[in-house]
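What follows is a short report on a single structure.
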Amino acid sequence: MNNLSINAMKQTLTILIAWLLAPLAVVRADDVPVPPAKPNIVFIYADDWGWGDLSCHGNTWLKTPNIDRLASEGIDFQQFNVLHPVCSPSRVAAMTGRYPSRFGINHIFGPNRASEMPDWLDGKAPTTPRFLKAAGYRTGHFGKWHMGKGTPTMADYGIDESAVYGGPGPQVPKSGNELAERAVQFIEANKDQPFYLNVWLHESHLAHTPAPEPLELWKHLDPQKQVYAAVITEGDNKVGMVLDALDKAGIAENTIVVFSSDNGPEDTGDATQKGKPGAWRSYYSVGETGGLRGRKRSLFEGGVRTPFILRWPGHAPAGMKNESTVLTAVDLLPTFCAAAGVTPPAEAEGDGENLLEAFNGKPVTRTRPLFWRYRSEDLAVRDGDWKLVTNFDGTQSELHNLKSDRAEDIAKDLSETHPEITARLTKMVLDWKATLPTTPDPTTVRSGARRNRNTQEDGDE
Numbered sequence: 315m316n317n318l319s320i321n322a323m324k325q326t327l328t329i330l331i332a333w334l335l336a337p338l339a340v341v342r343a344d345d346v347p348v349p350p351a352k353p354n355i356v357f358i359y360a361d362d363w364g365w366g367d368l369s370c371h372g373n374t375w376l377k378t379p380n381i382d383r384l385a386s387e388g389i390d391f392q393q394f395n396v397l398h399p400v401c402s403p404s405r406v407a408a409m410t411g412r413y414p415s416r417f418g419i420n421h422i423f424g425p426n427r428a429s430e431m432p433d434w435l436d437g438k439a440p441t442t443p444r445f446l447k448a449a450g451y452r453t454g455h456f457g458k459w460h461m462g463k464g465t466p467t468m469a470d471y472g473i474d475e476s477a478v479y480g481g482p483g484p485q486v487p488k489s490g491n492e493l494a495e496r497a498v499q500f501i502e503a504n505k506d507q508p509f510y511l512n513v514w515l516h517e518s519h520l521a522h523t524p525a526p527e528p529l530e531l532w533k534h535l536d537p538q539k540q541v542y543a544a545v546i547t548e549g550d551n552k553v554g555m556v557l558d559a560l561d562k563a564g565i566a567e568n569t570i571v572v573f574s575s576d577n578g579p580e581d582t583g584d585a586t587q588k589g590k591p592g593a594w595r596s597y598y599s600v601g602e603t604g605g606l607r608g609r610k611r612s613l614f615e616g617g618v619r620t621p622f623i624l625r626w627p628g629h630a631p632a633g634m635k636n637e638s639t640v641l642t643a644v645d646l647l648p649t650f651c652a653a654a655g656v657t658p659p660a661e662a663e664g665d666g667e668n669l670l671e672a673f674n675g676k677p678v679t680r681t682r683p684l685f686w687r688y689r690s691e692d693l694a695v696r697d698g699d700w701k702l703v704t705n706f707d708g709t710q711s712e713l714h715n716l717k718s719d720r721a722e723d724i725a726k727d728l729s730e731t732h733p734e735i736t737a738r739l740t741k742m743v744l745d746w747k748a749t750l751p752t753t754p755d756p757t758t759v760r761s762g763a764r765r766n767r768n769t770q771e772d773g774d775e
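See below:
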């Protein structure tokens, strides 16, 4: 065989080997598993926004197109409960995954509060932002805080960037769009890394301060509805600003967005409670519970069942209504952490459950009962479909099956027809009450006459 033939064979063999190995190299590259990007999380928490204050919940005169859009693109959880019917403790539960009563927080931070109340949420309490920050998330909080003011800073709670009212650090006005604008800036600045963001709105809390444009939009309604509809429109517009920012940043597909509210709607005041333009009072608080009994400050469902709408593209089925899963504020910490692939430390064990499967559109049955304490006046417990509301010593109770009596109709009180269930749940909630602190942690109390050193802001429910 001459040299020409040998060289030709070598060239052919080289080409053949390269041809055979090339697909293998491509396959190896393609087969390397790419870990999914950690989802961003945006938690929009409204204030005194009733379950029935959404057009997607059947309201006939309030319009919430941006929140309705969220519902059409995700899951509307129909049985979400907050763990207190007023602001401060409700927010503590949502942040820490623990019943607020475990910290002695049974009412708002403000003057003349009960002896077990601290002056602020313990800076060492478990918080979703702290755990996600430790896992590489950038964390932000814009809007209402109202979990006390004291020695802890926002950084102590795990928050990198903030602008708040009713809390420490840089401040932001309640009214106007600055709150939402700051949230939009945070999204744009952090679009290339995972982030956790609280956007805690003022709407629809008192005082009502709607701008002229939304008032003009609803001028065909009677004055009470006009003011309230304008307030709801402003809140919904802020939700739209956040959604638009996610779209513009190109990260909506990898972002969990939640809309909820801290408790039920404010009581409607009489004609003496009109206030004045720019500071309308409770006469104009005509929010709706969607047929649920009770409002703000009530442990019946109208006070503690609020909207919870979740969008998570590729996970939460679009347009789904989950009417069976009992999801609560204390479930948010473990569930948000699970969505981010974060395991909270053992010492952070709380009262909630990881209900990530529900976020993925699967039916989930919670395994733990729920407990409520409102001041030193009322208690409530839910176990399965049974819910009992009782006075503080358990001597006067109402029992309802929420599966068949969503509205907790007083005429359908089952406490006498099911005495064994009434007794069991009464004992359960009284035993729980007995575990709660009666004095605050000394590290969460101001020295001196602490009861007289609270600002009016702190006293705002």
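Heads up: the sequence shown runs through residues 315 to 775, numbered per this note's numbering.
Cβ atoms here follow ideal geometry from the backbone N, Cα and C, with glycine treated the same way.
1) Would you tell me roughly how many angstroms separate the C-alpha atoms of Trp594 and Phe685, rounded to the nearest one?
2) Could you give the C-beta distance for Ala630 and Asn674, rounded to a whole number, given that I count them as a contact under 8 Å?
3) From this set, His714, Leu641, Met461 and Thr704, which residue's C-alpha is nearest Arg682's C-alpha?
4) Please work out which residues of its chain come closer than 6 Å, Cβ to Cβ, to Cys370, disregarding the five sequence neighbours upstream and downstream, and give them in chain order.
5) Considering Cα atoms alone, identify which of Val553, Trp459, Pro524 and Asn551 is closest to Lys539.
6) In or out: Ala360 buried (at least 16 other Cβ within 10 Å) or exposed?
7) So the beta strand (DSSP E) Leu702 belongs to, where does it begin and stop?
8) Per DSSP, Met409 is paired with what?
9) Less than 8 Å separating the beta-carbons of Trp375 and Gly549?
10) Can you tell me which of Glu730, Ala654 and Met461 puts its alpha carbon nearest to the alpha carbon of Asp433?
11) From the DSSP secondary-structure annotation, give me the bridge partner or partners of Ser711.
12) Please state if the CB of Phe357 and the CB of Asn491 are separated by a distance shorter than 8 Å.
13) Taking 8 Å as the cut-off, decide whether the C-beta atoms of Phe417 and Leu397 are in contact.
14) According to the neighbour-count rule (16 or more other Cβ atoms, all chains shown, within 10 Å of its Cβ), is His522 buried or exposed?
15) Roughly how many whole angstroms lie between the Cα atoms of Ser489 and His516?
16) Let me check one thing: in DSSP terms, what residues is Ala450 bridge-paired to?
17) How far does the beta strand (DSSP E) with Tyr510 in it extend, from its first residue to its last?
18) Does the distance from the C-beta atom of Thr547 to that of Pro579 stay below 8 Å?
19) For Thr736, which three-state DSSP category applies?
20) From Ile623 to Pro528, what distance separates their C-alpha atoms?
21) Would you list the one or two residues that DSSP bridges to Arg607?
22) I'd like the ranges of any alpha helix (DSSP H) spanning at least 4 consecutive residues and lying wholly in the region 424 to 507.
23) Which runs of the beta strand (DSSP E) at least 3 residues long sit entirely within the region 613 to 700? Give them in chain order.
24) Is the CB-CB distance between Gly464 and Pro440 below 8 Å?
25) In three-state terms, what does DSSP make of Ala339?
26) Quick one: what does DSSP say Asp581 is sitting in, helix, strand or coil?
Taking the structure as given:
1) Trp594 and Phe685: Cα-Cα distance of roughly 34 Å.
2) The pair is a contact, with the Cβ atoms about 7 Å apart (cut-off 8 Å).
3) Nearest C-alpha to Arg682: Leu641.
4) Excluding sequence neighbours, Cys370 sits near Asp382 and Ala385.
5) The shortest Cα separation from Lys539 among Val553, Trp459, Pro524 and Asn551 belongs to Pro524.
6) Here Ala360 is buried: its Cβ has 16 or more other Cβ atoms, across all protein chains shown, within 10 Å.
7) Secondary structure note for Leu702: its beta strand (DSSP E) is the uninterrupted segment Trp700 to Asn705.
8) In the DSSP assignment, Met409 is bridged to no other residue.
9) Trp375 is not a Cβ neighbour of Gly549, given a cutoff of 8 Å.
10) Measuring from the Cα of Asp433, the nearest candidate turns out to be Met461.
11) Per DSSP, the beta bridge partners of Ser711 are Thr704.
12) No, the Cβ-Cβ distance between Asn491 and Phe357 is not below 8 Å.
13) No; because the gap between Cβ atoms is not below 8 Å, this pair is not in contact.
14) Buried.
15) Taking the CA atoms as reference points, Ser489 sits about 7 Å from His516.
16) As written in the sequence, residue 450 is Gly, which differs from the Ala given in the question. According to DSSP, which records beta bridges pairwise, Gly450 is partnered with nothing at all.
17) It spans Phe509 to Trp514 - the beta strand (DSSP E) in which Tyr510 sits, taken as one unbroken run.
18) If you check the CB distance, Thr547 and Pro579 do not come in under 8 Å.
19) In the three-state reduction of the DSSP assignment, Thr736 falls in the helix class, which pools H, G and I.
20) Near 24 Å, if we compare the C-alpha coordinates of Pro528 and Ile623.
21) Assignment of beta-bridge partners to Arg607 by DSSP yields no partner.
22) Counting whole runs of 4 or more residues, the region 424 to 507 contains the alpha helix (DSSP H) stretches 442 to 448 and 492 to 503.
23) Runs found: 622 to 625, 634 to 636, 684 to 688 and 692 to 697.
24) Taking 8 Å as the Cβ cut-off, Gly464 and Pro440 do not qualify as a contacting pair.
25) With a pLDDT of only 40 at Ala339, under 50, the local geometry of the prediction cannot be trusted, and the value read off the model is given with reservation. Three-state result, Ala339: helix.
26) Asp581: coil per DSSP, three-state reduction.
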